[in-house]
Amino acid sequence: MDAVIIGLSAAGLSCLDALLKFSPQVKVTAISEEKYSPYCRCMLTHYLGRIVREEQMIIKDISACPPNVNLLFGEKVETIDLLKKSLTLSSGKKISYDKLLIATGANAVKPDYYDEKKRTFTLRYMDDARKVEQHIKDSAVVLGGGFVGIKAAYGLLERNVKVEMIVSSPYPLSLVLDEKTARFVEKDMRDAGIVIRTQDDIAEINMKKESVAVSLKSGIEVYSDVVVVGKGVKPRVDVARKSGIKIDLGIMVNEFLETSAEGVYAAGDCCETMDVARKVPWINAIWPVAVEQGYFAALNILGANTPYAGSIGMNSLKTHSFHLISGGVLKEEEGVVLYEKHFPHLKQFRKLAVRDNVPVGMAFYNCPEDAGLYINLIKKGMPLNADPVKIVNGELSIADMLRPF
Ligand SMILES: Cc1cc2nc3c(=O)[nH]c(=O)nc-3n(C[C@H](O)[C@H](O)[C@H](O)COP(=O)(O)OP(=O)(O)OC[C@H]3O[C@@H](n4cnc5c(N)ncnc54)[C@H](O)[C@@H]3O)c2cc1C
112 MDAVIIGLSA AGLSCLDALL KFSPQVKVTA ISEEKYSPYC RCMLTHYLGR
162 IVREEQMIIK DISACPPNVN LLFGEKVETI DLLKKSLTLS SGKKISYDKL
212 LIATGANAVK PDYYDEKKRT FTLRYMDDAR KVEQHIKDSA VVLGGGFVGI
262 KAAYGLLERN VKVEMIVSSP YPLSLVLDEK TARFVEKDMR DAGIVIRTQD
312 DIAEINMKKE SVAVSLKSGI EVYSDVVVVG KGVKPRVDVA RKSGIKIDLG
362 IMVNEFLETS AEGVYAAGDC CETMDVARKV PWINAIWPVA VEQGYFAALN
412 ILGANTPYAG SIGMNSLKTH SFHLISGGVL KEEEGVVLYE KHFPHLKQFR
462 KLAVRDNVPV GMAFYNCPED AGLYINLIKK GMPLNADPVK IVNGELSIAD
512 MLRPF
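To convert, count from 1 in the sequence shown and add 111; that's our numbering.
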């Protein structure tokens, strides 16, 4: 069997590793548009902060791949011919497949005023981080208060860069957190020295002498060396769409991660699977979910018919001023009861969302202990074996939770 993988990051690499683990002789071609050995994208903000060097981000020693693996870097897949089961690459080369995995990930959203000549960059690929690195001296505007924006802001603080963050919503992390939890994050960020301008947005960017002049809709003008845009991501579905594969939010797949085309699978940020907390198809665009899906795609490519149960959104954000672990959904909605407890003297906060005695969301602020347990309960849809009030009060240990019913 000839297996082909498009994209060699979290999902593609996990699929490659699993294919080789369970079928060492399988012939695999993996194609990556990027020129580099697979690296951990999550560390781009650490790279900007000079906390890690580029070579420390590499996650696969490609020289150790067996001869039945063909890795093509710096090549983009332009089209997929589903009838002929073949791909056309940017170089004009054609590659045929028996089974195909699409693991094309996502692109960063670029606003209308995005212009690299005005030192405005997104932060998705190594090339983006290199461009920021090339222009930054001592100040930056970060646009967007999501996880990537916050990680970028803290990364830049590490190298003594003055950071101003522009957030269009009333508080950071508004898409994933409830207001109360998010306000803790906002306060700690301000205390760490990040200037945060909420409910504002960029109207225009111009170069003024050596500085980038960022005009905000509120009328304020901010000067900096660069603008780093963190306005979310869009799944990369262009190649799949052109071939006729069905797309909704992302590439649609069945429980075996197979797309509408037989023998063609999808995994990672480009595809939508069941969100077990929301109970609707969703894209949980995070590294561990991409890895898990790449693994399940490999099992199914090899014919093991192993259903993928779905995922939840989860995040761990550890900075020098706070540690937040969150997962699932925390918004108020019918049937969901929210439990919370704040310990001001410890700067700790615990919040749990429960539907029909099953946890569907959580946020633990500065108290990471046992967070993994609750993330797992949410993911598996398992009922609580304890009073949620005692959980948020921190009165229970894992041993209490694991005691049989
Ligand atoms: C700055 C930053 C920080 C992050 N931090 C975290 C974090 O702390 N925790 C977390 O869980 N997640 C984090 N993420 C998200 C995480 O990196 C993604 O969820 C993960 O990389 C998704 O993996 P993927 O394999 O689906 O796609 P990607 O990592 O996007 O990789 C897709 C690959 O496919 C290639 N490709 C696309 N189209 C083609 C084509 N047509 N031909 C050939 N190649 C193609 C792309 O160039 C890319 O190399 C972060 C992301 C960023 C950008």
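Idealized CB from N, CA, C, for every residue including glycine.
With the rule of 3 Cβ pairs closer than 8 Å, the region 118-131 counts as touching the region 401-408.
Exclusion of Phe475 from the 7 Å shell around ligand 1 follows from its C-beta lying no nearer than that to any non-hydrogen atom of the ligand. Ranked by how close their Cα comes to the Cα of Ala388, the residues Val337, Glu444 and His434 have Glu444 in first place. In the three-state reduction of the DSSP assignment, Ala474 falls in the strand class, which pools E and B. In the three-state reduction of the DSSP assignment, Tyr150 falls in the strand class. If you check the CB distance, Gly341 and Ala263 come in under 8 Å.
If only uninterrupted beta strand (DSSP E) runs of at least 3 residues are considered, those enclosed by the region 242-280 are 250-254 and 273-278.
The beta-bridge partner set that DSSP reports for Gln459 consists of Phe454. Short note on Lys205: C-beta not closer than 7 Å to any heavy atom of ligand 1. Set against 7 Å, the gap from the CB of Ile397 to the closest heavy atom of ligand 1 is smaller. Judged by DSSP in its simplified three-state form, Cys126 adopts helix. When secondary structure is reduced to three states using DSSP, Phe232 falls in the strand class. Not one heavy atom of ligand 1 lies closer than 7 Å to the C-beta of Glu403. Rounded to whole angstroms, the Cβ separation of Lys187 and Leu200 is 7 Å, and the two are in contact under 8 Å.
If you draw a straight line from the Cα of Arg270 to the Cα of Gly355, it comes to about 47 Å.
Where Val500 is concerned, the enclosing alpha helix (DSSP H) starts and stops at Pro499 to Val503.
Assigned with DSSP and collapsed to three states, Ala464 falls in strand. The region 302-317 and the region 459-472 do not touch, with fewer than three beta-carbon pairs separated by less than 8 Å. Looking at the DSSP output, Leu198 bridges to Ile191 and Ile206. For Leu182, the enclosing beta strand (DSSP E) begins and ends at Val180 to Phe184. Asp128 has its CB no nearer than 7 Å to any heavy atom of ligand 1.
Taking the Cβ of Cys381 as the reference point, at least one heavy atom of ligand 1 falls within a distance shorter than 7 Å.
For the pair Tyr376 and Thr370, the CB atoms are nearer than the 8 Å cut-off. Taking each of Ile170, Pro178, Met493 and Leu463 in turn and checking the Cα distance to Thr292, the smallest one comes out for Leu463. Around the beta carbon of Glu290, a 10 Å sphere encloses fewer than 16 other beta carbons of the protein chains shown; the residue is thus reported as exposed. If you draw a straight line from the Cα of Val274 to the Cα of Asn411, it comes to about 46 Å. Around the beta carbon of Thr140, 16 or more other beta carbons sit within 10 angstroms, so the residue counts as buried.
Across the set Val339, Arg347 and Arg235, the C-alpha of Val339 shows the shortest separation from the C-alpha of Val272. For the region 383-447, the full-length alpha helix (DSSP H) segments reaching 4 residues or more read 398-412 along the chain. In this structure, the alpha-carbon of Ser250 lies about 7 Å from that of Val337. One Cα belongs to Pro418, the other to Pro455, and the distance between them is close to 44 Å. If the five residues before and after Lys210 are omitted, its C-beta is found closer than 6 Å to the C-beta atoms of Ala114, Gly374 and Ile412, all from its own chain and listed in chain order. Secondary structure at Ala121: helix, using DSSP grouped into helix, strand and coil.
Between Glu145 and Met237, the beta carbon gap of about 7 Å places them in contact (Cβ cut-off 8 Å). For Ala372, there is no enclosing beta strand (DSSP E), as DSSP marks it with neither H nor E. Pairing Met112 with Lys138 gives a Cβ-Cβ distance under 8 Å.
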